[in-house]
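Peer 1: Residue numbers (our numbering): 696 to 837. Okay, here's the structure, questions in a sec.
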Amino acid sequence: MKLKGRLTEHGARLLWKNFLPTVEKFGKTCQVLLGTDDVHFIQTSLNTDGVHVTARFAAETLFDVDSYRCQSKHFNLIAFQVEVGLLLRVLKGAAATNSEMVEVKLTTRQIPGPAGEPQSKPFLSFTAVASTRTMCCTTADL
Numbered sequence: 696m697k698l699k700g701r702l703t704e705h706g707a708r709l710l711w712k713n714f715l716p717t718v719e720k721f722g723k724t725c726q727v728l729l730g731t732d733d734v735h736f737i738q739t740s741l742n743t744d745g746v747h748v749t750a751r752f753a754a755e756t757l758f759d760v761d762s763y764r765c766q767s768k769h770f771n772l773i774a775f776q777v778e779v780g781l782l783l784r785v786l787k788g789a790a791a792t793n794s795e796m797v798e799v800k801l802t803t804r805q806i807p808g809p810a811g812e813p814q815s816k817p818f819l820s821f822t823a824v825a826s827t828r829t830m831c832c833t834t835a836d837l
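Below, the structure written as structure tokens:
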């Protein structure tokens, strides 16, 4: 799996000011399905109090077209569950530092397994770059 892209200023603002606060009111987690052309946010009745929420964005609405890459063995689709509050905090932090760019990457890290042996797990990593500083945040494993 490979995922890398830069959120546009409009895309980041759309998520943290308009969309994610509304989704968070329905439930604390949501599933994200990333494809080459679309980004889906889904909350089923397991995540909410019975309401099913689905939203689809064109990838170019949220990401810079030249930088967005989503590749996987399963039809170039990547799915994961994310805590909406954590994603909201990352985007608010990027906006508070007047970031010029927010880069999203899928990375792997070695974490201790059940028997103590290291195992690779995917993580979603955000890097916000402002003119004076760089902020990096990694969310929980996917």
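We put the beta carbon where it would ideally sit given N, CA and C, even for glycine.
Let me check one thing: in DSSP terms, what residues is Ser767 bridge-paired to?
Peer 2: Counted from its first residue, the sequence shown places residue 767 at position 72. Bridge partners of Ser767: none, in fact.
Peer 1: In this structure, how does DSSP classify Val760 when only helix, strand and coil are distinguished?
Peer 2: Numbered from its first residue, the sequence shown carries residue 760 at position 65. DSSP places Val760 in coil when its eight states are reduced to three.
Peer 1: Val734: buried (16+ other C-beta within 10 angstroms of its C-beta) or exposed?
Peer 2: Looking up residue 734 in the sequence shown gives position 39. Per the 10 Å Cβ criterion, buried.
Peer 1: Return the Cβ separation of Gln776 and Gln726 in integer angstroms, given the expectation that the two are a contact with Cβ distance under 8 Å.
Peer 2: Locating residue 776 in the sequence shown gives position 81, counting from the first residue. Locating residue 726 in the sequence shown gives position 31, counting from the first residue. Confirmed, about 5 Å.
Peer 1: Do you know offhand how far Val785's Cα is from Thr703's?
Peer 2: As a working mapping, residue 785 is identified with position 90 in the sequence shown. As a working mapping, residue 703 is identified with position 8 in the sequence shown. Near 15 Å, if we compare the C-alpha coordinates of Thr703 and Val785.
Peer 1: In its own chain, which residues sit with a C-beta less than 7 Å from the C-beta of Cys765, not counting the 5 before and 5 after it?
Peer 2: Taking the sequence shown and counting its residues from 1, one reaches residue 765 at position 70. Excluding residues within five positions, the ones whose Cβ falls inside 7 Å are Leu698, Leu729, Gly730, Thr731, Asn771 and Ile773.
Peer 1: Kindly identify the DSSP beta-bridge partner or partners of Leu819.
Peer 2: Numbered from 1 along the sequence shown, position 124 holds the residue referred to as residue 819. Per DSSP, Leu801.
Peer 1: What three-state label does DSSP hand Thr717 in the structure shown?
Peer 2: Taking the sequence shown and counting its residues from 1, the one referred to as residue 717 is at position 22. Of the three classes helix, strand and coil, the one that applies to Thr717 here is helix, per DSSP.
Peer 1: Considering only DSSP beta bridges, list what Ala774 is partnered with.
Peer 2: Numbered from its first residue, the sequence shown carries residue 774 at position 79. Its beta-bridge partners are Leu728.
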